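Following: one structure in structure tokens, then a few remarks.
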């Protein structure tokens, strides 16, 4: 295995080296290093050309310059990175990269997680309801998403997702009820298609989903929730209990009372810890390390509760309770973040327009851990939606395809024949095998997402790698462009390696012969 | 759940007699005929072909092409007097049947948006087809050679494709766009075609690797056929499905890529015109003149969606495992008919 990985690493590293070499030469031909001097009427124009030539070392042949650049990059191995300078702004590339890498990783991680969860859920339902109206609808939607140009969606998002919502927050008057009614009917139809069943059940699902949607929207509008969004203890308990029931239903079925009680107790413990946690957040300055630690504690407590219930399969209970605990933990975290909403939106830098359209964070905002996080989330919202829309379609299609393939296998028929109920067949037997190939798709899809991020970052003014690349390419700055290519290439290599490795580890049928 | 069970029973019943029905249906038909028949039955693909052809005919005839004048009264470069305030469209839902002079509106200097969108559609379609053709040629040849000869030829070619896969297409596309972008659409198409062929080449290679072990290749070799003849006369027709389907899917990717590059300013630049370039030019006027933004975007989506559906239809048609399963309603109807007959 190690030999296989090393060999792959070496061969792809060589490929990357060749790619950077070819692109370096290509960029030397393509970029016009004197674009700002072309229209100049300055009397000392010759001297300006000469100094530019000296600044960029253009008298040296490009091939030699490439190796000089490579030597600088190679310095990373001994801790002295030299990616060169962006000549237009005079900044060091290493300096430019620091913030950019973090921003891009933030954006891509957020979008990937959301896209994977949504894509898998919708893809699975679509496969289970193959050839139903729901399935055709999802197929159509995913084709539509494939065909959508990101930049076009992004402009629409800016208008309707940010400007209009901000206007609405400041002046909450409803012009017409039609969008809400259409929304309720659409939600009703969606859940009707997703849950399926007999005609009577479908009608019940439709009505229930529409009424619940309407109730939620009505509550949000009537109580002024948009102006003061909060979850609160009550929200944590209600949503947590709902999550507990859904989790139990999906993992062991509601008939298993032991698991149901265990998850409900987990939610109760979470609710009991709500005030102590709020006090902790108030008195102690938080950071991500604290958050991570508390998260681990939450999961550990949940596992403890699950195991304490004993029963024939305690680890199943523990798994369900820990999933529930994750949801409760996220709820409490979100609640604490939202508590800063008023302060955040009153900040002069925000000026009561909380949904941001530009940048990765508001300038001049000062606040504690919670305020900066809220700021970061409001900025993440729109660019991640734009990115999720792209890869959601491919995850849905992929999950659907692989789920259908698994459902056609003999062992699924055996599972059904021995009398297992449909939930066990799908969640236990089919889903795990259907998700296996995803391990090799996700890393590759991340590369596509990095490509999509180039456009998204440019439109939303998100100071990440993609924007750096496009800006530098426009300004004919060779060094930052090369740094982008190198880092993206490295990421791609790592992603592909991880894909191969995961696949080989997860799927025992795959043998790696080095 | 009773309906679900019924459906499953019906499916199971269908499976029993399936082979018999299928062999009866395809009796005496060539492979090409079977594929064509399946494709013609795919509703989504058929609708898409009609829409795509209509859009193409409309775009090419309205603005004229290659020196032939079109029937639309305005050209995409000429500016005229602004008719409605702000250049709003003269065509609306309120009076649906009167197009007026500027059905899609005008921009701030009075250029007719309809003629610009039509011209942009032309160029985008041309670029899309050029990309498709270039990919088809490079991808097929590289894949065929790599899969047929294997050994070091294969290793070298596959390392080259690795190099293309490492970077996102849009990144390499922008760099090539800086080199060849500008008003010239076809040149950009060729350049983009040179980076999109990779996936196709890998698939063709896989197909060729399995095909070369088949008996008909051996017999062709024994009969003294040259490598070239074996590859392109004997093996290629067997790989046609993969090639056609994937070229179509590449083309749907291509039109969005071209639009994105033009949007970023590395593709087609003014005075050249394409759908992405139009959106790029008008994005700031979304609040004041939304029609300048909506129409080009709508055409990109329609074209890409149609090509995607055609690709899907082709994939289903070429897939021998794919069976056309009649809808649940149709099967119920057939069941009822059968029961009636039995009585």
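Chains as they are written, first to last, in UniProt numbering: chain A, 1 to 514; chain B, 1 to 343. Backbone N, C-alpha and C fix where the C-beta goes; we use that ideal spot for every residue, glycine too. Nothing here was measured: the structure is a model prediction, and the numbers come from that model.
key: Of the listed residues 118/A, 46/A, 8/A, nearest to residue 554/A (C-alpha basis)   = The structure shown has nothing for residue 554/A, since chain A only spans 1 to 514.
request  = List the DSSP bridge partners of residue 182/B.
outcome  = DSSP output for residue 182/B lists 268/B as bridge partner(s).
request  = Starting from the Cα of residue 292/A, find the closest Cα among 321/A, 330/A, 302/A and give me that residue.
outcome  = If we check each option's Cα against that of residue 292/A, 330/A comes out closest.
key: Three-state class that DSSP yields for residue 68/B in the structure shown   = Under the three-state reduction of DSSP, residue 68/B is assigned to strand.
ask   = Between the region 117-147 of chain A and chain B, which residues of the former have a C-beta closer than 7 Å to a C-beta of the latter?
value = From the region 117-147 of chain A, only 131, 143, 144, 146, 147 have a Cβ closer than 7 Å to chain B.
message = So the candidates are 15/A, 23/A, 11/A; which of them puts its Cα closest to the Cα of residue 480/A?
response = Per the Cα distances, 23/A.
task = Leaving aside the five residues before and after residue 377/A along the sequence, list all residues of the same chain whose C-beta is less than 8 Å from its C-beta, in chain order.
result = Counting only Cβ-Cβ distances below 8 Å, and skipping sequence neighbours, we find 337.
key: Residues from the region 420-447 of chain A in contact with chain B, defined by Cβ distance under 9 Å   = Residues 422, 444, 447.
Terminal residues of the alpha helix (DSSP H) in which residue 343/B lies = Premise fails: residue 343/B is in no alpha helix (DSSP H) and is neither H nor E.
query = Bridge partners of residue 86/A, per DSSP?
reply = Bridge pairing for residue 86/A: 91/A [DSSP].
message = Let me make sure I understand the geometry here. Which of 440/A, 438/A, 31/A, 409/A has the alpha-carbon closest to that of residue 426/A?
response = In terms of Cα proximity to residue 426/A, the closest of 440/A, 438/A, 31/A, 409/A is 409/A.
inquiry  = Does chain A have any CB closer than 8 Å to the CB of residue 170/B?
reply    = Yes - at least one Cβ of chain A is within 8 Å of the one on residue 170/B.
query = What are the residues that DSSP puts in a beta bridge with residue 79/B?
reply = According to DSSP, which records beta bridges pairwise, residue 79/B is partnered with 111/B.
message = Considering only their Cβ atoms, is the gap separating residue 270/A from residue 332/A smaller than 8 Å?
response = In this structure, residue 270/A lies closer than 8 Å to residue 332/A by Cβ.
ask   = Quick one: does residue 268/A have its CB under 8 Å from some CB of chain C?
value = Of the chains in the structure shown, none is chain C; the protein chains are A and B.
key: CB contact check: residue 162/B to chain A, cutoff 8 Å   = At least one chain A Cβ lies under 8 Å of residue 162/B.
ask   = For the alpha helix (DSSP H) that contains residue 496/A, what are its first and last residues?
value = First-last of the alpha helix (DSSP H) with residue 496/A: 478-506.
query = Is residue 342/A helix, strand or coil when you go by DSSP?
reply = Residue 342/A carries a helical assignment under DSSP once its states are collapsed to helix, strand and coil.
Three-pair Cβ contact test at 8 Å for the region 201-210 of chain A versus the region 293-307 of chain A = The count of Cβ pairs closer than 8 Å, one atom from the region 201-210 of chain A and one from the region 293-307 of chain A, stays below three, leaving the stretches out of contact.
inquiry  = If contact is defined by three or more beta carbon pairs under 8 Å, each pair taking one atom from either stretch, is the region 124-135 of chain B in contact with the region 153-169 of chain B?
reply    = With a cut-off of 8 Å, the region 124-135 of chain B and the region 153-169 of chain B do not count as touching, because too few Cβ pairs lie within range.
message = Would you call the region 35-47 of chain B in contact with the region 303-312 of chain B, where contact means no fewer than 3 C-beta pairs closer than 8 Å?
response = Enough Cβ pairs lie closer than 8 Å, so yes.
ask   = Is there a Cβ from chain B that is less than 8 Å from the Cβ of residue 271/A?
value = Not an interface residue.
ask   = Any Cβ of chain B within less than 8 Å of the Cβ of residue 497/A?
value = No Cβ of chain B is located within less than 8 Å of the beta carbon of residue 497/A.
key: Inter-residue Cα distance where the pair is residue 366/A and residue 86/A   = Spanning the two alpha carbons is a distance of roughly 30 Å.
key: Spatial neighbours of residue 285/B in its chain, beta-carbon cut-off 8 Å, leaving aside the 5 residues before and after   = Excluding residues within five positions, the ones whose Cβ falls inside 8 Å are 107, 108, 292, 293.
inquiry  = Suppose the cutoff is 7 Å on Cβ atoms and the five residues either side in sequence are ignored; what does the same chain contact list for residue 447/A look like?
reply    = Cβ neighbours of residue 447/A beyond the five flanking positions: 492, 495.
inquiry  = What residue range does the alpha helix (DSSP H) around residue 443/A cover?
reply    = Unbroken alpha helix (DSSP H) run through residue 443/A: 438-460.
request  = For residue 98/A, name the three-state secondary structure that DSSP assigns.
outcome  = Residue state, collapsed to three classes: helix.
query = Which term fits residue 16/B, buried or exposed, when burial requires 16 or more other beta carbons within 10 angstroms of its beta carbon?
reply = Because residue 16/B sits at a pLDDT of 47, beneath the cut-off of 50, its placement in the model cannot be relied upon, and the following sentence gives the value as read from the coordinates. It counts as exposed.
inquiry  = So the candidates are 247/A, 489/A, 237/A; which of them puts its Cα closest to the Cα of residue 275/A?
reply    = Closest option to residue 275/A, judged by alpha-carbon separation, among 247/A, 489/A, 237/A: 237/A.
ask   = Where does residue 106/B sit, in a helix, a strand or coil, going by DSSP?
value = It is a strand residue.
key: Members of the region 38-57 of chain B that neighbour chain A once the beta carbon cut-off is set at 7 Å   = Correct list: empty, as no residue qualifies.
task = Could you tell me if residue 219/A is buried or exposed, where buried requires 16 or more neighbouring beta carbons within 10 angstroms of its beta carbon?
result = It counts as exposed.
query = Taking Cβ-Cβ distances shorter than 8 Å, what residues in chain B pair up with residue 485/A?
reply = Below the 8 Å Cβ cutoff, chain B contributes 167, 171 as neighbours of residue 485/A, in chain order.
Contact test: residue 360/A Cβ vs the ligand MG heavy atom, cutoff 7 Å = Among the ligands in the structure shown, none appear at all, so the ligand MG cannot be discussed.
ask   = Could you give the distance in angstroms between the alpha-carbon of residue 288/B and the alpha-carbon of residue 88/B?
value = Each residue's Cα considered, the two are about 10 Å apart.
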